[in-house]
Each structure stands twice: as structure tokens, then as C-alpha cells.
Amino acid sequence: MEKKELLPYKPGVILQGVYKSYGRFGFLLTDDDHEDVYIAEKDHLNAVNNDTVEVKTMKSETGRHNTEGRITRVIERADDMFVCTYEMLADGGEAVPIDEKVDMVIQIPEGDEMGAVTGARVMVQVTRWPGEWTDAEGKVTEVIGYKGDKGLDIDVIIAQHRLPHVFSDDLMKEADNLPRTIVPEEGVADYRDMPIVTIDGPDSKDLDDAVYCEKKENGHFDLGVHIADVSRYVTKGSLLDDEAYRRGTSVYLADRVIPMLPFQLSNDLCSLNHDEDRYAMSCLMDVAPDGTVKTEKITPSIVRVARRCNYPEINKAFDEGIAPEDLKIHLPMLEDLRECAAALRQNRTRRGALDFDFPEYKVVLDEDGKPLRIEKRIRGESEKMIEDAMIAANEAVARFLEKTGHTSIYRVHDHPDQEKLNSLKRLIAIMGLPIHIPEDPEPKDIQKLLASVKGQDIEAVVQVMTLRSLPQACYSTDNDGHFGIASTCYTHFTSPIRRYPDLMVHRLIRQAIHDEMTKQQRKKQTEFLIRAAEHCSETEQNATETERDVDDLKMTEYMVPFVGEPFDGHITGITRFGIFVGLDNGVEGLVHVDSMDDDEYVYQEDTMTMTGRFSGTTYSMGMPVRVTLVKADKERREVDFVLGEIHSPLNLEKKTRTSSRSKSHYRKQEKKGSGKSRGKKGGKRK
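Numbering (the working numbering), first residue to last: -8 to 677.
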């Protein structure tokens, strides 16, 4: 199936759509059938990025665009708050948005600057939009910080994404006043005598899951997954619940965690800390040797963690047979868990589950927030077996809730997008892979593709293109299944300290056990769950984008001292404006086509290659290349390379000037299209 030909609009048509700004020009986005409409700087009225606008099309003045337009009216503003750099003036001040896509100056009347002085990074609310001859006007609502402040660069990203990061005094008091006594009661199972363990990263503080596994004489496994019972403390209508809902998720950044719940709960009262009685929600399962799971019991409980374990020490015990003395007593149980997890994993593989085993990278910072190194995260056996246990529990709980017949929260993942799937098929054909992907593929079809390139140079490229063809997983009250896990029924149950949907699922379990709701109450709850599923999907996406922006920032900053040095990499993407190259340390940068001056290079969309018009030199996906770093722009979070090695300082300067013409939005669009999502436990947000 060929890529759909987009239609141009005729001149004189009145359209409505979303304005996408690229600084001094932009495009109107309308629908999937028509080309975007080019908007020149003089024709953008006072619209800014993502505004909904009305446009009148006109004949192209330059001939470079099929359709051009003039914004005649701003219908709805996307935002009125912007992160800016402030400058004092004699009678007030002015603020310039740091986002290049917001092309305006905002005047700040005297008294509305909140004490900001020149150089401050501030949050500004626009009170009057710019006119034909006048600037915008606004007021400072927050002084974020000043140049040199520790963590300011990340503070700015947090502000840009509008992440709530301060708990109110009243909320903190509410958290302080929560009861701390753990009391056995009817209907709450007591598993304190069971030697369960937590297994997390060495630095983790919010421990919301613990496990125990024992192999039985019949070859089956008793698998227990015990999750912190946050719902006991965070109740509907409380300040804690309102704020947890607003945040939706904890956000894990290079230098900090922005928690969904205050530390009194996330690190203490709810955290399954070693040798402390804790309320939990337990899911007990019988796992057959073939990985089939039968749910034995789902119940509120009390647990007492026998030992806190971490991934590196268990991996070392498995791989090298070396373990601390106090861990050795738990090794037989952990070996049973390892065998059980392998059975669960093989079962998922048989049904078609996809395993995107992307390398993950962590930027290690010094005390001042400066990057020291980029570490590759190793996903060992212990990480995998915990992920397997959590997926099994999530599925068991989802099946339990579905059987109630009442509205629940599910984690859903749709089939591949058709147009992106066509791009993937084209890549498969170009690379000569003997794999057929049907029009409406099942997980097993995609699984076969990934297996066919395992261990090959093109593996990373095929994985990325495959991931781009898949939509992002989200939350829904409709159980539409999870394509990536090849699951017909899935939810999020295992991380209620850091995810609001898991907290809602815990409440639904408690309701299902007691079943005391009226028909009217259930109707009202259903309306809430529908809204909450959409809201939590949005907060998760915002958190993911924030984490990605911070990682890009710190990776770019890490590369600054290496400008002028050569690197080996692989081509990870090819577009009409250049070639994306990924390094072994996880850094990705752009070789702009303007810097490829040894020939006139043409992008071949049908073969996804860049070919020299005269030499025939061809660059293709996955190809190894030698590049020189010519720019690492921390402010724009951009890394630029040129092909080959450059030894002359003069030539390096020339290439640097050429690379400066590259556009930041190209890279941002490419990364947004990748659909990458970095989770914290088990590698990815499934």
C-alpha cells in the first residue's frame, strides 16, 4: 500500500485548525487528507504555537508551497502561561519566552514582576495579547531562578511542562496526621510470617511491591505479589487524593523525583520497608510449569518484609554465585522465583508478546548537577523476573475486575497505525527481510519480525521503526487488550505509590470484595473513571516527555566538552533534511544535509536512503558511520554531527556554521514520533 497523496487546498478557502509555529513561520494543521498550510511570518497575526485559528488560503507567492494561508482570527488560545527570561526596564520590564516557537515579547508593568531582576527565569501569564503595533502584556506568576542556581535548567523544564512539584502545608499536615498503627482485622490476611522480599534498585525509596515464590511437589509454583495498600491511607475527598489525582504519576528526573505522594507516604508509611509491618494488597497465584496462571486469592493483607534486596546483588548471586550472608537464606526462594518467571515469560512469548530490549541510559550527575558520565543500564535476570511477576499480577487483577461486570480501569495498547505500519513494511522490503506483515497484524507477526533481526546490525533500526508503528499504551474503561504484551485483559495494579491508576484499581478491588455500592453510586463512579482514565493518560504522557527532555538536556550537556572529536555510530533515521546518527552511549544527533557538501544528496523516500546525485554514494538505515561532533547546544538540547573526521580547526568552524542552520523542531518531531517511553521498573511502561 503506497503512502497516501495529500491534497492541497484551493485559494480563498476559509479553514480552521491548529497552528504549529516554527519561530518566524508556521503551518496550519487541519486533517489527515490535506497538506499543511504554510503561514508566513507576516500572516500569523498574533497566534502562537498550538493555538486554534481560522485561516484564509491564498495563492503561493513563492511557489515553494502548494497552499499558503493568512490567519484571520485566533479562535482559542492553547496557553497563556510561558517560561521567559526577564529583563528590567526603567518603567517595568519585558519577558521573552525561551521557547523559540513563541515569537513575541511580553511587557511586564511595574509591580507585576514579583521582584524579578534582569536575567531571571520566570513564569509569565499573558493578560493582553499582542496587537498589530503593540507587544503583549503580562504578569510574573513565579520566579523560577537565576543563572548559576543549582538545577535551574531542570527547574525550567519542569515549569515548561507545568508539573506540580510543591505540596501545600495543609496537605503535609494531613499526611502527618495519618494513623501509623498497623492493626489486624477481619477480612485482612496476615502474611507477616511469610519471608517475602522486595527487589528494587539500590537507590529506590518508594518500595511498593514485594514477592514470594515457592515450588510445589506437583511442579507448580505458589507466587505471591504483595503491593503497598495506598488506598487505605489516600481516601476519596482528601487533600492527598486530590493532589495525587492532579499529578497522576511520579516523575523520575536525572537529579530528583517529583513524587505523586508526599514522602511521609511514598518513602515511609506506604513503602514496604524492611522489618516493618505494612498494609498491602496481595495477589496469590498458582503458576503451572507452562506459565499458565490461576488466581488463588486477591485480598487486603498485612505483610512484613524479611529482607530488602536489590537488582545488582541478586544478579551477582545468579551469575557468579556470590551473595551476602543474609541473602543466602533467601536464595532457594529466589531460584524458585527465577524458574517461575521463566515459565511466565515463555508463556507470554508463545502467545506473541513483544520484547523491545532497548538499552537504557542514565546520566550520572555530580553534586552541582553537571554530567559526569552516561551509564548503560543492564537489564539482568532479577529485573526480568520482577517484571514477569508484576505482569502476571496485573493480568490476574484485570481478569478479577472484569468478572465483576462493573466498570474498571484497564491498561490498553492498540494495534499498529496503518500508515506507520506501511513505512515499516517498506523498510522490511528494502532490507530484504523474508518476513510478511499482514494488513491487520497480530502480536505474533511483529514478534517474528523482531526475532528475524536478533543480533544483526539492523536490529536496533528495525526495533525503533517497529515501535514507531505502534500507538502508545494508555488507560481506558474499555478492555481493548494490550497488543505489546499480547494480553486480552491487562491493568496497572503494582505501583500505587507512583501511579494514580493503580490506586484506583486497589479501590475497585476493595469494592468488589465488599460489593456495597448502589446502582446510582456505580453510575457516578463510572463517569469519574472515564474522566480519570483520560486524565491519567495525559499526565503519564507529560511525565514521559519531561523525563525525555531532561535526559536530552543532560546528554547534550555531557557532549559539550567533546566538540571537535570523532565518534563511531549508526544511522538511526533518514529524512529530507539530514541523517540521524546514534552513538554507543545513547546520544543521538543530526548530520544536516547542508553539511554533506561532497555531493548533492537527495532523499529517496521509497527506499529510505540518502543518495549523492553524482557519486551515487548512498546512506541507509543501520549503516555504521564515522562522524565528528560539531555542536552540542544545551539550550536547544541539540547535538549536531558532520560525516567523517575533521582535523582542521578552520574546517570545524565552517562545519559548525553550516550545522547551525539546522532546525530544532525537526529533531523534536522525530523523537516524538519514536514513541519511546522510559519506565522505572522492569525497563518500560507497559
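Idealized CB from N, CA, C, for every residue including glycine.
Next on the checklist: Check for me: the beta strand (DSSP E) holding Ala271 runs from which residue to which?
Outcome noted: Locating residue 271 in the sequence shown gives position 280, counting from the first residue. Run containing Ala271: 268 to 278, per the beta strand (DSSP E) assignment.
Item to check | Ser653, buried or exposed, once every other Cβ within 10 Å from all chains shown has been counted against 16 | outcome: The residue you call residue 653 lines up with position 662 of the sequence shown. Reliability fails at Ser653, whose pLDDT of 46 lies under 50, so the model's placement of it is uncertain and the value that follows must be treated cautiously. So Ser653 ends up on the buried side.
Item to check | Cβ shell of Leu162 (< 8 Å), same chain only, five flanking positions each side left out | outcome: As a first step, residue 162 must be located in the sequence shown, where it is residue number 171. Once the five neighbours on either side are set aside, the close Cβ partners of Leu162 are Leu230, Leu231, Glu234, Pro253.
Next on the checklist: Is it the case that the region 235 to 246 contacts the region 483 to 495, given that we only count it when at least three CB pairs across the two stretches are under 8 Å?
Outcome noted: yes
Item to check | Cβ-based burial, Glu548 [other Cβ within 10 Å; buried from 16] | outcome: Stepping through the sequence shown from its first residue, residue 548 is reached at position 557. Per the 10 Å Cβ criterion, buried.
Checklist entry - So Pro291 and Met276 are in contact, right, with Cβ under 8 Å, and what is the actual spacing, rounded? => result Along the sequence shown, read from residue 1 onward, the residue named residue 291 stands at position 300. Along the sequence shown, read from residue 1 onward, the residue named residue 276 stands at position 285. The Cβ separation is near 17 Å, so there is no contact.
Item to check | Classification of Ile66 by the beta-carbon crowding that lies within 10 angstroms, buried from 16 upward | outcome: The residue labelled residue 66 in the question sits at position 75 within the sequence shown. By the 10 Å Cβ count, Ile66 comes out exposed.
Checklist entry - Taking the Cβ atom as the reference point for each residue, do Ser373 and Tyr302 lie within a distance shorter than 9 Å? => result Your numbering for residue 373 matches position 382 in the sequence shown. Your numbering for residue 302 matches position 311 in the sequence shown. For Ser373 and Tyr302, yes; Cβs fall inside 9 Å.
Checklist entry - What's the call for Phe18, buried or exposed, on a 16-neighbour Cβ count within 10 Å? => result In the sequence shown, counting from the first residue as 1, residue 18 sits at position 27. By the 10 Å Cβ count, Phe18 comes out buried.
Checklist entry - Tell me which same chain residues have a C-beta within less than 7 Å of the C-beta of Glu287, skipping the five on either side of it? => result Position 296 of the sequence shown, counting from 1, holds the residue named residue 287. These residues qualify, in order along the chain: Leu275, Met276, Asp277.
Checklist entry - Got a sec, what are the start and stop residues for the alpha helix (DSSP H) Ile293 sits in? => result The residue labelled residue 293 in the question sits at position 302 within the sequence shown. Taken as a continuous stretch (DSSP letters only), Ile293 belongs to no alpha helix (DSSP H), being part of the beta strand (DSSP E) at 284 to 295.
Checklist entry - Taking the C-alpha atoms as reference points, what is the distance between Tyr224 and Cys300? => result Your numbering for residue 224 matches position 233 in the sequence shown. Your numbering for residue 300 matches position 309 in the sequence shown. Rounded to the nearest angstrom, the two C-alpha atoms are 26 Å apart.
Next on the checklist: Is it the case that the region 164 to 180 contacts the region 129 to 139, given that we only count it when at least three CB pairs across the two stretches are under 8 Å?
Outcome noted: no
Next on the checklist: I need the boundaries of the beta strand (DSSP E) containing Tyr610, first residue and last residue.
Outcome noted: The sequence position of residue 610 within the sequence shown is 619, counting from 1. Where Tyr610 is concerned, the enclosing beta strand (DSSP E) stretches over 609 to 611.
Item to check | Straight-line Cα distance separating Val616 from Thr609 | outcome: Here residue 609 corresponds to residue number 618 of the sequence shown, with the count starting at 1. Here residue 616 corresponds to residue number 625 of the sequence shown, with the count starting at 1. Their backbone Cα atoms lie some 12 Å apart in a straight line.
Checklist entry - What residue from Asp327, Arg298, Phe309, Val157 has the CA that sits closest to Met251's CA? => result Counted from its first residue, the sequence shown places residue 251 at position 260. Here the closest residue by C-alpha is Val157.
Checklist entry - Is Ala623 near Val554, with beta carbons less than 9 Å apart? => result Within the sequence shown, numbered from 1, the residue matching residue 623 stands at position 632. Within the sequence shown, numbered from 1, the residue matching residue 554 stands at position 563. Yes; because the gap between Cβ atoms is below 9 Å, this pair is in contact.
Checklist entry - For Asn753 versus Asp90, is the C-beta spacing smaller than 9 Å? => result Because the chain here runs from -8 to 677, residue 753 falls outside it and cannot be looked at.
Checklist entry - Taking the DSSP output, what are the residues bridged to Asp359? => result Here residue 359 corresponds to residue number 368 of the sequence shown, with the count starting at 1. Bridge partners of Asp359: none, in fact.
Checklist entry - Do Asp327 and Phe484 have their C-beta atoms within less than 9 Å of each other? => result What you label residue 327 is simply residue 336 of the sequence shown in a count that begins at 1. What you label residue 484 is simply residue 493 of the sequence shown in a count that begins at 1. Not closer than 9 Å, so no.
Item to check | Rounded straight-line distance, which links the Cα of Val44 to that of Asp126 | outcome: What you label residue 126 is simply residue 135 of the sequence shown in a count that begins at 1. What you label residue 44 is simply residue 53 of the sequence shown in a count that begins at 1. When rounded, the distance between both Cα atoms is 20 Å.
Next on the checklist: Measuring only the C-alpha atoms, how far is Arg149 from Leu499?
Outcome noted: Here residue 149 corresponds to residue number 158 of the sequence shown, with the count starting at 1. Here residue 499 corresponds to residue number 508 of the sequence shown, with the count starting at 1. Checking the sequence shown, residue 149 turns out to be Ile, not Arg. Roughly 32 Å separates the two Cα atoms.
Next on the checklist: Taking the beta carbon of Glu545 as the centre, do at least 16 other beta carbons fall within 10 Å, making it buried, or is it exposed?
Outcome noted: Residue mapping note: residue 545 aligns to position 554 of the sequence shown, counting from 1. According to the sequence shown, residue 545 is Lys rather than Glu. Looking at its Cβ environment, which holds 16 or more other Cβ atoms inside 10 Å, Lys545 is buried.
Checklist entry - Would the region 21 to 39 and the region 52 to 64 be scored as touching if the rule is three or more Cβ pairs under 8 Å? => result yes
Checklist entry - Could you give the uninterrupted runs of the alpha helix (DSSP H) lying entirely in the region 162 to 192, keeping only those of 4 residues or more? => result none
Item to check | Opposing strand residues paired with Val113 [DSSP bridges] | outcome: Taking the sequence shown and counting its residues from 1, the one referred to as residue 113 is at position 122. According to DSSP, which records beta bridges pairwise, Val113 is partnered with Cys75, Val134.
Checklist entry - Any idea if His473 is buried or exposed, counting beta-carbon neighbours within 10 angstroms, 16 or more meaning buried? => result For the purposes of this step, residue 473 is taken as residue 482 along the sequence shown, with counting starting at 1. It is buried - the Cβ of His473 has at least 16 other Cβ atoms within 10 Å.
Item to check | Arg298 - partner residues in DSSP beta bridges | outcome: Counted from its first residue, the sequence shown places residue 298 at position 307. Paired residue(s): Val188.
Checklist entry - If we count the other Cβ atoms within 10 Å of its Cβ and call it buried at 16 or more, is Gly475 buried or exposed? => result Here the question's residue 475 lines up with position 484 in the sequence shown. Classification for Gly475: buried.
Checklist entry - Under 9 Å between the Cβ atoms of Leu356 and Val242? => result What you label residue 356 is simply residue 365 of the sequence shown in a count that begins at 1. What you label residue 242 is simply residue 251 of the sequence shown in a count that begins at 1. No. Outside cutoff.
Checklist entry - Is there contact between the region 304 to 312 and the region 441 to 455, where contact requires at least three CB pairs shorter than 8 Å? => result no
Checklist entry - How big is the Cα-Cα spacing for Arg112 and Ile99? => result Locating residue 112 in the sequence shown gives position 121, counting from the first residue. Locating residue 99 in the sequence shown gives position 108, counting from the first residue. Near 14 Å, if we compare the C-alpha coordinates of Ile99 and Arg112.
Item to check | Unbroken alpha helix (DSSP H) run spanning Leu441, endpoints | outcome: Mapped onto the sequence shown, residue 441 falls at position 450. Where Leu441 is concerned, the enclosing alpha helix (DSSP H) stretches over 434 to 443.
Next on the checklist: Residues in the same chain with beta-carbon distance under 7 Å from Thr340, minus the five sequence neighbours each way, listed in chain order, please.
Outcome noted: Here residue 340 corresponds to residue number 349 of the sequence shown, with the count starting at 1. So the list is empty, once near-sequence residues are dropped.
Checklist entry - Which whole-angstrom value describes the C-beta separation of Asp200 and Met381, a residue pair presumed to lie in contact below a C-beta threshold of 8 Å? => result Taking the first residue of the sequence shown as 1, we reach residue 200 at position 209. Taking the first residue of the sequence shown as 1, we reach residue 381 at position 390. At roughly 7 Å, the Cβ-Cβ gap stays under 8 Å, so Asp200 and Met381 are in contact.
Checklist entry - Starting from Met49 and walking both ways along the alpha helix (DSSP H), at which residues does that stretch end? => result Counting from 1 along the sequence shown, the entry for residue 49 is found at position 58. Where Met49 is concerned, there is no enclosing alpha helix (DSSP H), although the beta strand (DSSP E) it sits in stretches over 43 to 49.
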